[in-house]
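Beneath this line is the structure, given in structure tokens, with notes to follow.
Residue numbers (our numbering): 796 to 938.
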């Protein structure tokens with residue numbers, strides 16, 4: 796059996812002699828880690844961009860006027876801490892006081908993955924669900 800380095804040397808030698816047939820070239824595959832990495836980057840962007848946009852609009856100042864939303868629907872750190880793995884989307888909405896904004900939806904191999912965000916002024920909460928069970932959550936701007 797040839798080692799990896801022997802195969803690479805043969806391939807390099809073949810490429811020097813002329814073009815290599817497509818069948819001999821190794822096909823490029825997108826690995827599972829690449830997909831997970833892309834999802835993580837997307838979640839991070841989804842998490843931080845709304846806070847910065849709202850911050851720029853308001854000049855990064857704290858809200859001084861009373862909010863038009865009721866205090867029960869305002870997202871808080873205390874409410875965010877009540878979210879735990881395994882909760883349903885409906886239970887999370889009940890805890891946070893409002894429905895989230897769907898920001899990602901994918902179904903693969905019988906697993907449905909959805910991401911929801913809850914936004915406030917300069918703050919946000921995100922939650923990732925698989926088959927309607929919370930698998931991850933986080934927050935930005937909550938004190």
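Glycine is no exception: its CB is placed at the ideal position from the N, C-alpha and C atoms. These figures come from a predicted structure and were not determined experimentally.
With 16 other Cβ atoms within 10 Å as the buried cut-off, status of residue i
i	result
residue 920	buried
residue 873	exposed
residue 862	For residue 862, the pLDDT reaches just 41, beneath the cut-off of 50, and the residue's location in the model is therefore unreliable, leaving the point undetermined.
residue 882	buried
residue 858	For residue 858, the predicted structure reports a pLDDT of 44, less than 50, and the residue's modelled location is therefore unreliable. The matter cannot be settled from this model.
Residue i and residue j closer than 7 Å at C-beta
i	j	result
residue 902	residue 924	no
residue 891	residue 932	no
residue 897	residue 884	no
residue 880	residue 828	no
residue 837	residue 887	no
residue 918	residue 936	yes
residue 870	residue 915	yes
residue 926	residue 907	yes
Residues sharing a beta bridge with residue i, DSSP
i	result
residue 921	912, 933
residue 903	906
residue 928	925
residue 897	911
Limits of the unbroken alpha helix (DSSP H) element including residue i
i	result
residue 886	884 to 891
residue 874	872 to 876
Rounded distance between the beta-carbons of residue j and residue i, thought under 8 Å
i	j	result
residue 875	residue 934	5 Å
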